[in-house]
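The structure appears below as structure tokens.
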Amino acid sequence: MLPARHRLETYQEIERVKKKGELYQTSLFGLLVLKNQTSDLTRFDFIVSLKISPKSTIRNRIKRLLAEAISERLIKISPGFDLVFLAKKTIIGKNLKEIKKEVDTVFGKAGLLV
Numbered sequence: 299m300l301p302a303r304h305r306l307e308t309y310q311e312i313e314r315v316k317k318k319g320e321l322y323q324t325s326l327f328g329l330l331v332l333k334n335q336t337s338d339l340t341r342f343d344f345i346v347s348l349k350i351s352p353k354s355t356i357r358n359r360i361k362r363l364l365a366e367a368i369s370e371r372l373i374k375i376s377p378g379f380d381l382v383f384l385a386k387k388t389i390i391g392k393n394l395k396e397i398k399k400e401v402d403t404v405f406g407k408a409g410l411l412v
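Take 299 as the starting number for the sequence shown in the working numbering and just add one per residue.
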């Protein structure tokens, strides 16, 4: 679980990232990245829509797996960004190892690793 200080809190913050953020795509998810001018913390949010799965248990599992993949890399991520993960249907059934690999790939593409 990500600490509360590393989560985007309000709908307005998430919408700002969705409108102004730069999109990076992988086979499992999209990542919206926006430089945060007001904070040195990197904050995250995970969007898994009903289109991915109507079952909340599956959607919550995806969020937990993404959060776990992120929490192990927090110290390697450049500070001061707001990130929103947009899950794709292909993420269903993937294990933590596969998700970590995709997270590393997209962070490298986005230049977020220290």
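From the three backbone atoms N, C-alpha and C, an ideal C-beta is built for every residue, glycine too.
(message) I'd like to confirm the pairing. Which residues does DSSP put opposite Y322 in its beta bridges?
(response) Translated into positions along the sequence shown, residue 322 becomes position 24. Answer is L329.
(request) Answer with buried or exposed for V331, where buried requires no fewer than 16 other C-beta atoms within 10 angstroms of its C-beta. (result) By one-based count along the sequence shown, residue 331 stands at place 33. Label assigned to V331: buried.
(request) Jot down the residue ranges of each uninterrupted beta strand (DSSP E) in the segment 339-390, minimum 3 residues, whole runs only, in chain order. (result) 341-345, 379-385
(message) Just to confirm, is the Cβ distance from F379 to T403 under 8 Å?
(response) One-based indexing of the sequence shown puts residue 379 at position 81. One-based indexing of the sequence shown puts residue 403 at position 105. No, these two residues do not count as a Cβ contact at 8 Å.
(request) Taking only the alpha-carbon atoms, compute the straight-line gap between F261 and Q335 and give it to the nearest angstrom. (result) Coverage of the chain is limited to positions 299 through 412, which leaves residue 261 absent and any answer about it impossible.
(request) To the nearest angstrom, report how far apart T363 and K333 are at their CA atoms. (result) Sequence index remark: in the sequence shown, residue 363 carries index 65 (1-based). Sequence index remark: in the sequence shown, residue 333 carries index 35 (1-based). Correcting the residue identity first, residue 363 is Leu in this sequence and not Thr. Each residue's alpha carbon lies about 24 Å from the other.
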